[in-house]
Each structure stands twice: as C-alpha cells, then as structure tokens.
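Chains as they are written, first to last, in the working numbering: chain A, 114 to 453; chain B, 117 to 688.
Quick reminder that beta carbons are idealized off the backbone N, C-alpha and C, glycines included.
Shown next, in structure tokens, is the structure this report addresses.
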C-alpha cells in the first residue's frame, strides 16, 4: 500500500444574479432627526453578511459613518419587495437598489444642509465622519445631525430615498438559445493537492491554492468568509456528500449527520487565497458576488488531482473510497501521472 | 493531522486591474464587523423558531412510503382520537391545491399539490398533515393515519425516464420532460456547426459526468410559524430565503390577498438554496386559519435530508473537437437535470446552464441539448451554484482529459482557450469584464506551475474581439425534440408551456374568492383561449397602467410587469 500525492487544476466563471434578469430589488432609506439612517429591505441574511454589506454601501453613498446606518430586514409590512437571497444576486441587485435610495436621501440631506449654510447644495461634500462642508472650505460645515434636525423641525423636509434595481428580463430563443443571461461574471482558478491511499481508496485534500476574481471586495472579511467556507463546501461535494449514495436507486439515504458524510475540522485543507478585483460595470462600487462560485472549481480540481495521483478518472461524484478502489482494481493498481 | 489553526493565507492583489478601480472610499472595502455578529455568537439573534406563542401547535405530515402510488383512501378517524390532536388537514382543505413555484414568473404548469389527494410521485410526498398540541402527539397521530396505497410503476433514472414506455411521472408531461417555449422537450443552444468542425478536428475527446443529489445541510432546518393577527391577517415567521416569493406562493395556494399576510424573516440559519421552495409557509398559515391557533411546521433532520429538495443530480455528456495545438474548435453537450417528481426550479436551472455553456472558453462551434427530466424521486431544487456547479464539474474534468490528449499543461490549456474581452459567446453576447486568464496566471505562479512567457504575457483585456467577436457565418439548427399540443407564451419570450387541455381534477375545498384570480392563474384560460397571443400578450393584468389587450410583439420590458405577480397582486 502507498499514499500517492497528486495535483489537480480547474478554472471557472460564474454568472451574477438571476439568469435572464427580471429579478428586482427595492430599498428604502430614511433618516431620523438625529441624522441616523435606517435602510429598510426584504432581503434575507443567510449568514453571508447581506445586512452588513448593504450597510457599508449605504454609508458610503450617504457619506456618513457606518455606525450611523442600521439595516432593517425582512418584514413584509415595512420592507419593500425583493426577489430573495439566491443566485448570487444579493450584493449586486440589492446593493444597487440601496445606492439609488441612498443617493436620493443624500441629495435631500445636502439640500437641508445647504439651506442652513446658505450655500448651493452642489458645492457641498461629506467627509464620511458625520460632517457636511463646502468643497474646499472645511470650516463652513454642519453636522449631518444638525442638517437632519433642521430638515425635520425647521424646513419640513423628509430625508428619505427610494431605490430599485432591475435588470430587464431577457428573451430566450428556442432555436439557438440566444439570450442575455446576466450582466457580469465572477471568475476563479483552483489548484488542489490530494493524497490517495491505494489500499483504502480514501482521498484526503491536503492543500488548496486559489485565485478568485470577485469584482470589488466590498468587505474583505466577508469575502474571505465566503471563499473559505465555499471552497470547503466544494471539497465536501467532491469527496463526501450525497443524499443518495446509490443514485439513481434511493437506498441507504442518510437521515442525520452520522450518515450524511461531511468533512470534520480535521479533514479541512488549508486554503491559500488570492483575491482579484476587476470591478463590474454595473455592480455596486464594482462588486459582484462571491457567494456561490467559490465552491465550483474545487469539485473538478479534486477529481483531476485524483487522476494525477493514481491515474483513475472518477467521473461520478462524490469520489468515495469504493469508487476509487474499484477503479484502481480495474486498472491493476495506482499509475501516478504527476503532470502538474 | 493538518494544522487548522492556520487555515491558509489570503492576499488581495490590488495590483491587478488597479486602473479600473478608484480605491479612495470611506466605508466600502473595509473589513467592518458584521452588524449581527454579536447576536449570532452569543445566541441572541432571533430566528424563526425563537418566535414562540402561547398555545403553539405542531404540524407534521403523513408521507408516502412508495416511489409512486395511487391513494385509494385516507382514514384519519383513529388519528383524530389521539390525545392532543387539534385538526387533520388533507388536500381537500387546501384552497388551491396545485402550484408550481415558477408560476410566479409565468413559467411552467401548476403540477404539485400541497397535500396530494389521489396519487403520489415520490417517497416522502405528503398526503395529510396533523396539527397537535405537542410534537410528540403529532408524531403519534401521523402514525395512526391509515392510507390505502396502490403502488404504481416508477422510474428513477433520467435516461430510463425518457425512453418510450417509461412510467409517466406527471400526466401533463407525457414524455417525462419539461417543455420549453411550448415547442421542444429540451433547451437548445446552437452556435456554429459542431458536426462539421468535428470532421476537421485533430482529436475527438468524449466524456460522461454524473453528480449525485446533495443536501443543502443548513444548521437550522426549514420551517415556519404562523399565527392569526388582527384584522383577518396572519403573521408568518419563516426561514425563507425569499420573503416575497414565499408570500406570493402562500397567497396563491391559500387564495388570499397578499395584504392579509404578514411575513417576517430575514435572519436565517443557513440556506444554500434549500429555503426557496416555500413548502412550510402555506401549510402553517392554513393550519392557523382553520384552527385559529398558532401553528409551527418545522422539518426534522430526516425530513430535511430525504423530503427536502436537494441539489438535483445532473448527467452530462461532452464531446470536444480539438486541434493538436490545444485549441478547442467544437464542443457538444447533452445534459439531463434530474428534476424529481415535480418541476420546482429545475426548469429554470436548465436555461441557466444552457446560457453558461461552453464554460469560460471561446469555442467557435457549440451545440447543447439540455433536458429537465421528471423521475419518481424527491423533487430537486436550488443549491449554491444552481445550474452551474454540475456542468462546471463536467467541463473542468473534461478539460483535464483534453489537456492529456494534446499533451499540454492543464493550466496552459485553460489560458489558451480562455474567453477575453470582446469575444462572442455561444449565447450570442459579447464578453466583457473577463478575468479567467489572470486567475489562472496567479494560481500558476503561487503553485509553481511553469508557464511559457507567451502565456504569462496574455491578458483578458488584449487579443479578444475581431474575428473572435463575430457570430458564426453559419449555424446548424434543427427541429429535434419537437412537441405538439403545448401553447407558447410567458417567461423567456415564446416562453412557458401550457398544455392544450390536460385533464384536471376540480380544485377541492372552498371556491376561489375572486373569479379573476383563478382565471389569471389557470393554464387553460391562457393556453387555450389565447394561444396565438404569444409573449407578454397573454399576461394577466398587472397592478400597473393598463395595456392594450392583445399587443402583437412582446413588450420591450415584460419582466417589470410580470414580476408584479411576486407580491401576489396579479391574483387579486
């Protein structure tokens, strides 16, 4: 018996947002009299950080500190319509809706400030720390709080904004499949190392090296969280998981986490990530959506690495020890390739 | 054992594409701590299951033990006598007991009952729901419901399912295949002429790839808690990934104006695609309507894994024509999505997959036939990478074989064939904002894979377009897979299919409240009455300004009107 090491490579792109478009998102932004903003949505935070990323987008657009923005979601009585958190659409679609709503609110805020400062609103800028001042003259300033109070109690203005983002629905040609699937794509490349035990058929992923192009990384920690978790999920898809281990037969279906196999902490491979940021033309500050695609390159990279290690092609996922052993037997033992 | 105290490094390559970004921003780009993280790590964030009510009841379903069976009789008498049982629901209690999720996008025929009355099509399909004071009492009562089954032939394999004579899963799709554009039993992609190109290729490389169903495996299992509110309204706390999608689905099957529904969610314990199907909300609300009490419907882990829709299995066949220098000149796909017993979202995934082909490469001849196939298994649904993950596995495993056949480094083969800005893609749109080459180069550099100076000098931003940006002079098309009897209209232009007249059982339960509501969603009314008015012409009236009744061409932006239905408006 022996352990064989191998390396496998894969590269992918990923469409951002619902295929064909037609999936709108809305946002409402308003300020209270203290100059603190609430963003009302119906988006869902699944743990991916939806609320946090749109909070940063809203703060950036409004020109206020992130602490002055709170995101409220998802109550159908108060949050405007959104298609949902899927298809890597949250950041792209909701981010754009929030930008538009925040721009509208910001323009009212600047008008209120301009009236107090007796200047033209077009000459005003925000410093991102809670102040509005005349461009080039920081001393002629007013706090966002004072501007909001003036708007509410003296001027009778509502500092609020509405935003919607919709990629119009595309047609599909029945004869050729001509269509506009999405407006932007994320990208990834992945090289994994595996160890294959030719006695037991077990495959261990020992290392992952990747490059992910995600548009602008709106929050680098949230991006990292997605890429690490997602790549591990890809690893798990490659070598562990299925609800139907005898597919297409339905026998021996797992019913709990004792029988539904997933990697434990000791099985996870270190993952060395490079993040590339080519901004999307129509993304919020150039952002795309790293959520789904980070798993995809790992599946093929693992089967390619198994081939590199022992010379058997496992074209049916997951790569179970049984499949590896049967293939090794049929081949008459391991035949390492070592091409990478 | 690996040292997982160091999960690996992360580097942000700000040097790449720097000229396309303005990095002078205040908040965006900062590693700001999440707004909700303290609540999450201290166990204080409220999830749907934290919204408990006085007098909360528990709902559990009676499920089919067969892959396919006729339901002869459902006897709930004994179960109803179990202590704590409040009410037992059957299909007759569901106001509109037939739905397909994408009907909210005008796509697909209503095919799936909330509680089946006459026939089951997968093991685990629900036929009754018990509401009891405690979960244990609900479980006991479920066991006491007597169902008389007549097992029927079933089919589990996608390619067996499309053979003549296979057991028919859904009568409305006699070929066990979803119908696209009212015209074909699959989605076509045709670009250039693959057969001609195969004839000139130096090598032909073929492969078959199979993914198995995969569980989304959220920590929090799917569910909903519904309770009567004031003014005839119902509140529903839900784990949904799509609040208005679930609200719209509930409004439809319960025949309620959406204004009577108040959905609250937003903080979900993992979704990964498994919380889009809106299975729980309608039954929990129906229970609250019929009992006047709060009702919780939550899957246990076994249901989550075996009844909850998984990532569907996919089978892909790929055939490539390759030149000696590694250029791929033709690529043909045949793909089968295993939709399981009902459509759910698989029909959408097929179009998404077709639009994704042939992967991130510029290949001058591409041909794909992608099928959404019905089998007698748990319906499939969305999961992370829906419509893409399976075919990316197939494409990239295949690329490895191509590299071996032509004797090239696998990274070099990708860079050589990678799409670049200005290239024409197989779905006939020009590529932009590409970055595949750069990703490959960065990984090669990190991993010590030696690339030639030419490959290292390549860029997504140079060398694309021109000849690579032109549509093929000739595209081979065909009428294979033509079906008759389905009217074209709706989503995706000549879009969603409608049968001419499938035999439909009368909807049991209360009569529809609004006549216009049932007409709007009734396939017969639209498929048969206005088959000629393709495109947006047969749209039900939206809540927007009125349109002329029968416009000849599809409106330029039909989607904006169509999606008014998501909020349930179009059904009122």
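Distance CB(residue i)-CB(residue j) smaller than 8 Å
| i | j | result |
| --- | --- | --- |
| residue 325 of chain A | residue 335 of chain A | no |
| residue 491 of chain B | residue 277 of chain B | yes |
| residue 266 of chain B | residue 179 of chain B | no |
| residue 415 of chain A | residue 432 of chain A | yes |
| residue 344 of chain B | residue 408 of chain B | yes |
| residue 193 of chain A | residue 141 of chain A | yes |
| residue 457 of chain B | residue 313 of chain B | no |
| residue 399 of chain B | residue 141 of chain B | no |
| residue 248 of chain A | residue 152 of chain B | no |
| residue 182 of chain A | residue 200 of chain A | no |
| residue 354 of chain B | residue 164 of chain B | yes |
| residue 352 of chain B | residue 419 of chain B | no |
| residue 437 of chain B | residue 330 of chain B | no |
| residue 143 of chain B | residue 173 of chain A | yes |
| residue 541 of chain B | residue 287 of chain A | no |
| residue 128 of chain A | residue 298 of chain A | yes |
Neighbour list for residue i in chain A, Cβ cutoff strictly below 8 Å
| i | result |
| --- | --- |
| residue 689 of chain B | There is no way to answer for residue 689 of chain B, as the model of chain B reaches only from 117 to 688. |
| residue 501 of chain B | 127, 405, 406, 408 and 409 |
| residue 273 of chain B | 361 |
Where the alpha helix (DSSP H) containing residue i begins and where it ends
| i | result |
| --- | --- |
| residue 127 of chain A | No alpha helix (DSSP H) contains residue 127 of chain A, which is instead part of the beta strand (DSSP E) from 116-128. |
| residue 528 of chain B | 526-533 |
| residue 403 of chain B | 396-407 |
| residue 144 of chain A | Per DSSP, residue 144 of chain A belongs to no alpha helix (DSSP H); it is in the beta strand (DSSP E), 138-144. |
| residue 516 of chain B | 505-522 |
| residue 467 of chain B | 462-472 |
Contacts that residue i makes with chain A (C-beta to C-beta distance below 7 Å)
| i | result |
| --- | --- |
| residue 591 of chain B | 289 |
| residue 386 of chain B | 159 and 160 |
| residue 124 of chain B | 383, 384, 385 and 386 |
| residue 63 of chain B | Residue 63 of chain B lies beyond the residue range present for chain B, which begins at 117 and ends at 688; the question has no answer from this structure. |
Buried or exposed by the 16-neighbour rule on C-beta atoms within 10 Å, applied to residue i
| i | result |
| --- | --- |
| residue 306 of chain A | buried |
| residue 480 of chain B | buried |
| residue 323 of chain A | buried |
| residue 117 of chain A | buried |
| residue 358 of chain A | buried |
| residue 222 of chain A | buried |
| residue 150 of chain B | buried |
| residue 448 of chain A | exposed |
| residue 660 of chain B | Low per-residue confidence applies at residue 660 of chain B: pLDDT is 37, beneath 50, and the placement is therefore not dependable enough to give any value. |
N- and C-terminal bounds of the beta strand (DSSP E) containing residue i
| i | result |
| --- | --- |
| residue 435 of chain B | 430-438 |
| residue 266 of chain B | 262-267 |
| residue 309 of chain A | 298-310 |
| residue 344 of chain B | 339-344 |
| residue 414 of chain B | 411-414 |
| residue 384 of chain A | 384-389 |
| residue 252 of chain A | 250-256 |
| residue 317 of chain A | 316-326 |
| residue 297 of chain B | Neither: residue 297 of chain B is in no beta strand (DSSP E) and is coded neither H nor E. |
| residue 276 of chain A | 273-278 |
| residue 322 of chain B | 319-327 |
| residue 244 of chain A | 244-247 |
| residue 420 of chain A | Premise fails: residue 420 of chain A lies in the alpha helix (DSSP H), 411-423, not in any beta strand (DSSP E). |
Partner residues on chain B for residue i, Cβ-Cβ distance less than 9 Å
| i | result |
| --- | --- |
| residue 186 of chain A | 359, 381, 382 and 383 |
Under 7 Å by beta carbon: chain B residues contacting residue i
| i | result |
| --- | --- |
| residue 297 of chain A | 549 |
| residue 108 of chain A | As displayed, chain A neither begins before 114 nor continues past 453, which places residue 108 of chain A out of reach and without an answer. |
| residue 260 of chain A | The contacting residues do not exist; residue 260 of chain A stays about 18 Å from chain B at best. |
| residue 122 of chain A | 526 and 527 |
Cross-chain neighbours of residue i in chain B, by beta carbon under 8 Å
| i | result |
| --- | --- |
| residue 322 of chain A | 559, 562 and 563 |
| residue 244 of chain A | Correct list: empty, because the minimum Cβ distance to chain B is about 12 Å. |
For the stretch 388-405 of chain A, which residues have a beta carbon sitting closer than 7 Å to at least one beta carbon of chain B?
So the list reads 388, 389, 390, 391, 392, 393, 394, 398, 399 and 405, given in the order they occur along the chain.
If you measure beta-carbon to beta-carbon, which residues of the stretch 340-359 of chain A are closer than 8 Å to chain B?
Closer than 8 Å at the C-beta level to chain B, one finds these residues of the stretch 340-359 of chain A: 340, 341, 343, 346, 350, 354, 355, 356, 357 and 358.
Residues, ordered as in the chain, of the stretch 141-154 of chain B that lie near chain A by beta-carbon distance below 9 Å
Within the stretch 141-154 of chain B, the residues whose Cβ lies closer than 9 Å to any Cβ of chain A are, in chain order, 141, 142, 143, 144, 145, 146, 147, 148, 149, 150, 151, 152 and 153.
Could you run through the stretch 503-524 of chain B and flag, in chain order, every residue whose CB is less than 9 Å away from some CB of chain A?
Hits within the stretch, in order: 503, 504, 505, 506, 508, 509, 510, 511, 512, 513, 514, 515, 516, 517, 519 and 520.
Contact list for the stretch 151-166 of chain A against chain B, Cβ threshold 7 Å
Residues of the stretch 151-166 of chain A with a Cβ closer than 7 Å to any Cβ of chain B, in chain order: 155, 157, 158, 159, 160, 162, 164 and 165.
Return the residues of the stretch 126-140 of chain B that lie within a Cβ-Cβ distance of less than 8 Å from chain A, sorted by chain order.
From the stretch 126-140 of chain B, only 126, 127, 128, 129, 130, 132, 133, 136 and 137 have a Cβ closer than 8 Å to chain A.
For the stretch 296-314 of chain B, list every residue whose C-beta sits within 9 Å of some C-beta in chain A, in sequence order.
The stretch 296-314 of chain B vs chain A, Cβ under 9 Å: 296, 297, 298, 299, 300, 303, 304, 305, 306 and 307.
Residues of the stretch 430-446 of chain A with Cβ closer than 8 Å to any Cβ of chain B, in chain order:
Under the 8 Å Cβ criterion, the stretch 430-446 of chain A contributes 430 and 431.
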